[in-house]
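Working notes for the structure below.
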Amino acid sequence: MSQSYPPQYKPMPPITLRYNLLTDLETALRAHGITDIIAYLSKYGVRRGIAMFFGVDGIFGEDGSPARKYETVGGKTTSTIALSEPFISWVWICSYFLLVQRQQALNTTPVRSPLSPRALNTAAELKDYGETLFHNRVEWPAALPSPENVIDELRDIIEQSNALYLAAMQFILLHELGHAVLGHVAAQGPLNIEQEKEADDYAIDIWQSLAATATSGRQLHTLQQGACIAFLALVFIPAAMAPSSSYPPIEQRLDKLMHVFELVDNSIIWYMAAQCLQYWCAHKFQNTLEADPNVGTARDYYNAVQSHLSELVA
Ligand SMILES: [Zn+2]
Numbered sequence: 001m002s003q004s005y006p007p008q009y010k011p012m013p014p015i016t017l018r019y020n021l022l023t024d025l026e027t028a029l030r031a032h033g034i035t036d037i038i039a040y041l042s043k044y045g046v047r048r049g050i051a052m053f054f055g056v057d058g059i060f061g062e063d064g065s066p067a068r069k070y071e072t073v074g075g076k077t078t079s080t081i082a083l084s085e086p087f088i089s090w091v092w093i094c095s096y097f098l099l100v101q102r103q104q105a106l107n108t109t110p111v112r113s114p115l116s117p118r119a120l121n122t123a124a125e126l127k128d129y130g131e132t133l134f135h136n137r138v139e140w141p142a143a144l145p146s147p148e149n150v151i152d153e154l155r156d157i158i159e160q161s162n163a164l165y166l167a168a169m170q171f172i173l174l175h176e177l178g179h180a181v182l183g184h185v186a187a188q189g190p191l192n193i194e195q196e197k198e199a200d201d202y203a204i205d206i207w208q209s210l211a212a213t214a215t216s217g218r219q220l221h222t223l224q225q226g227a228c229i230a231f232l233a234l235v236f237i238p239a240a241m242a243p244s245s246s247y248p249p250i251e252q253r254l255d256k257l258m259h260v261f262e263l264v265d266n267s268i269i270w271y272m273a274a275q276c277l278q279y280w281c282a283h284k285f286q287n288t289l290e291a292d293p294n295v296g297t298a299r300d301y302y303n304a305v306q307s308h309l310s311e312l313v314a
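Per my numbering, residue 1 is the first one in the sequence shown, and the count goes up by one each step.
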């Protein structure tokens with residue numbers, strides 16, 4: 001059973017995905033009144049090759065922060081936002097995994113689109129594979145879906161994952177751009193919590209302007225879920241299980257974003273976020289939060305998870 005999607009849902013190979021990511025960001029910033037992305041990025045010391053960097057060591061440093069390369073040219077320190085391939089793959093894998101989980105949740109209500117057992121299996125297998133990327137680089141298994149491997153049976157999910165992935169990466173890049181714009185790149189070493197909050201605020205501000213230009217409810221929903229996945233992808237990273245002092249707590253970063261969305265009470269995004277936080281809590285704190293997704297609205301479920309989590313952390 002095939003559905004038709006707007007053009008941005010067409011399957012795209014990774015190289016095209018990366019290219020589109022940049023052009024999407026350009027379009028977005030133009031809509032925000034920034035007319036020359038190249039000049040804009042270079043003004044702040046961020047190179048256009050932003051998503052084309054292929055690292056061999058993985059994207060995350062020991063503290064779990066994205067890799068940032070510093071260079072001094074003519075006495076001025078600039079930075080390159082270096083999102084390496086393992087991280088790019090990880091965000092796509094999380095988009096796929098969370099989408100399948102979301103579909104599964106939707107299917108508990110009168111069935112809208114049956115989810116094949118293959119979708120469920122591949123989501124779990126993909127996530128397992130993704131976790132190995134943080135230790136070593138292994139070839140993407142040929143049997144698993146990818147932006148390039150559009151398995152017919154999974155076409156709808158893969159195409160939607162591509163769209164979510166683009167939105168998530170856009171939010172991540174806006175956060176990194178925020179560091180550059182706000183002058184955080186001048187300092188060597190890890191950034192502090194205040195700087196991370198400022199970069200989040202910067203990304204959320206621009207994101208809101210982008211959301212205002214969405215031409216359909218569906219596009220807005222994709223942007224919202226994508227931004228959410230930018231944080232939820234961090235929740236699933238093994239390194240996120242360890243305490244990090246240089247970032248605000250993930251649940252607080254996510255919460256700030258969730259309240260910008262103005263979601264309806266039963267939005268699946270509340271559900272998706274709550275489910276992830278529950279999973280994270282079980283793994284990080286070995287604590288199963290007693291929040292029941294079947295009590296009240298999806299917003300109630302999310303609020304219950306957040307309030308249990310804040311009691312736990314306090
Ligand atoms: Zn940051």
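Virtual Cβ for every residue (Gly too), placed ideally from N, Cα, C. As the structure is a prediction and not an experimental result, all values here were calculated from the model.
When the beta-carbon positions are compared, Ser89 and Asn162 stay at least 9 Å from each other. In the DSSP annotation of this structure, the continuous segment of the alpha helix (DSSP H) that includes Tyr202 starts and ends at Ile193 to Ala212.
Spanning the alpha carbons of Val91 and Cys228 requires a straight line of approximately 11 Å.
Distance from the CA of Ser216 to the CA of Asp255, rounded to the nearest whole angstrom, comes to 24 Å. Counted as a single uninterrupted DSSP element, the alpha helix (DSSP H) harbouring Asp255 occupies residues Ile250 to Met258. Between Pro248 and Glu176, the CB-CB gap reaches or exceeds 9 Å. The beta carbon of Ala203 sits closer than 7 Å to those of Phe171, Leu174, His175 and Gly178, all from its chain and outside the five residues before and after it, given in chain order.
Only exposed fits Pro117, as fewer than 16 other CB atoms lie within 10 angstroms of its CB. The C-alpha of His283 lies about 11 Å from the C-alpha of Leu289. The beta-carbon separation of Leu223 and Leu234, rounded to 18 Å, does not stay under the 8 Å limit for a contact.
Taking C-beta separations shorter than 6 Å and ignoring five residues to either side along the sequence, the partners of Ala304 in its chain run Ala291, following chain order.
Leu144 and Ala124 have their C-alpha atoms some 10 Å from each other. A contact between stretches requires three or more CB pairs, one per stretch, nearer than 8 Å, and the segment 295-314 meets this requirement with the segment 266-275. A Cβ-Cβ contact shorter than 9 Å links Cys281 with Leu309. Between Ala105 and Tyr271, the CB-CB gap stays under 9 Å. With a contact defined as Cβ atoms closer than 8 Å, Ile157 and Leu99 qualify at about 6 Å. Comparing alpha carbon positions, the residue from Thr213, Phe236 and Ala168 closest to Asp128 is Phe236.
For Gly296, there is no enclosing alpha helix (DSSP H), as DSSP gives it neither H nor E.
A straight line joining the alpha-carbon of Leu312 with that of Asn287 spans about 9 Å. DSSP, reduced to helix, strand and coil, places Asn149 outside both helices and strands of the structure shown, so it counts as coil.
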